[in-house]
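Colleague: Residue numbers 96 to 347, in our numbering, belong to the letters of the sequence shown in order. C-beta atoms are modelled at their ideal positions from N, C-alpha and C, and glycine is treated no differently. Here it is, the structure, as structure tokens.
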Amino acid sequence: MAQVSTVTSQAGAVISHDVAMRFLFVGDSMTIGRSGDFTWRYRMWQHLEATLGDGGYAITGPRTALYDTEANAPLSHAYGDASFPAPARRHLAGWGEGWLHMAPVVADAVASARADVLLVSLGLIDLGFYTDSTQTAANARAFITAARAANPRIRLVLLPVIPNIRAESDAPFAAECDRFNTLLAKAVADLDAPASPVLLASYPTGYDIHTDTYDGTHPGPTGEHKLAGAFADAMHQAWGVGGPYAGALATA
């Protein structure tokens, strides 16, 4: 697939750290995780602790649970690390939810959570089940507009879609993933603004769905690190936030 590089017109702008930054993770099943997962959110929490600790950040959002596959509902709190602090488990992610579902709810979530930075991984579920690349890109733009209505100074980091195992045997689906990533890059270029910067993270370096996921879609431990690293490095390189991602690509 085409590799997507970091895109921002504000790449040289350093974001002030005079107040604690409030991060809101937004995503689908790759972000919410299932019972027993660490999640890339956990890896990002570790990174933020290491680089912005001592009151320099907060994780916020209306949800805290993992997806329970037996109950077919987000009811689990059995994280891979039971010591993952409850406040750091907050998010706006849902199994089977995409841009289509998040665009109508993000304004309320941003307002209630008082979010400053959105870290967003969405699109695969949309393209797989709900909308084509054109409509998915339109929903992404609507999402950004809604987030800004709640906070005109909101900052967003968007991850391109990582095609899953379906793309290996379904050429039209693979093409839609590539086309959406191109449209997402265009949306970032069009909507990026000094008061509310929008950043497109790079495709996670070395990400391999056969070794970094447990089923060809959902990240395992190494995949979690690579997803967190994509967000962390984008913010550090473009905005001077935190530092380079240093999490070990552990298997546990």
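Just to confirm my understanding: we take Ile260, look at its own chain, exclude 5 residues before and 5 after, and list those with CB closer than 7 Å. What are they?
Modeller: Excluding positions up to five away in sequence, the list reads Ile304, Gly311, Thr312.
Colleague: Given this structure, state the Cα-to-Cα distance separating Gly148 from Ala341, to the nearest angstrom.
Modeller: Spanning the two alpha carbons is a distance of roughly 15 Å.
Colleague: What residue does the beta strand (DSSP E) around Gly378 start on, and which one ends it?
Modeller: Residue 378 is absent from the structure shown; the chain starts at 96 and stops at 347.
Colleague: Among the residues of its own chain, which have a CB less than 7 Å from the CB of His331, if the five just before and after it don't count?
Modeller: Excluding residues within five positions, the ones whose Cβ falls inside 7 Å are Gly337, Gly338, Pro339.
Colleague: For the putative contact between Pro169 and Asp163, defined by C-beta atoms under 8 Å, what is the C-beta separation to the nearest angstrom?
Modeller: Going by Cβ atoms, the distance from Pro169 to Asp163 rounds to 7 Å, so yes, they are a contact pair.
Colleague: Check for me: the alpha helix (DSSP H) holding Arg261 runs from which residue to which?
Modeller: Per DSSP, Arg261 belongs to the alpha helix (DSSP H) from 261–264.
Colleague: In whole angstroms, what separates the C-alpha of Asp287 from that of Leu254?
Modeller: Near 15 Å, if we compare the C-alpha coordinates of Leu254 and Asp287.
Colleague: Grouping DSSP H, G and I as helix and E and B as strand, with all else coil, what is Tyr137?
Modeller: Residue state, collapsed to three classes: helix.
Colleague: Tell me the DSSP secondary structure of Arg129 in three-state form.
Modeller: Looking at Arg129 - three-state DSSP - the assignment turns out to be strand.
Colleague: Going by the CB atoms, is the gap between Leu187 and Ala235 shorter than 8 Å?
Modeller: Result no, Cβ atoms of Ala235 and Leu187 do not sit closer than 8 Å.
Colleague: Quick one, which of Asp307, Ser207, His196 has its alpha-carbon nearest Gly122's?
Modeller: Out of Asp307, Ser207, His196, His196 has the C-alpha closest to the C-alpha of Gly122.
Colleague: Looking only at its chain, what residues have a beta carbon closer than 7 Å to the beta carbon of Gly193, apart from the 5 residues adjacent to it on each side?
Modeller: Only Asp123, Leu217, Gly218, Ile220, Asp221, Tyr225 meet the Cβ criterion.
Colleague: State the CB to CB distance for the pair Met139 and Ala325, rounded to an integer number of angstroms; the pair is presumed to be in contact (CB under 8 Å).
Modeller: 10 Å between Cβ atoms; not a contact.
Colleague: First and last residue of the alpha helix (DSSP H) that includes Thr379?
Modeller: The shown model of the chain, from 96 to 347, leaves out residue 379, and the question about it has no answer.
Colleague: What's the gap between the Cα of Arg185 and the Cα of Arg250?
Modeller: Answer to the nearest angstrom: the Cα atoms are 18 Å apart.
Colleague: Run through the DSSP bridge pairs and tell me what Arg184 is partnered with.
Modeller: Arg184 pairs with nothing; no bridge assigned.
Colleague: Going straight from the alpha carbon of Asp307 to that of Glu319, what length do you get?
Modeller: Taking the straight line joining both Cα atoms gives about 8 Å.
Colleague: Extract the residue ranges of the beta strand (DSSP E) inside the segment 262–303, only unbroken runs of 3 or more that lie entirely within it.
Modeller: Segments of the beta strand (DSSP E) lying fully in the segment 262–303: 293–295.
Colleague: Excluding the 5 residues preceding and the 5 following Ser207 in the sequence, name in chain order all residues of the same chain whose CB lies nearer than 8 Å to its CB.
Modeller: Pro157, listed in sequence order.
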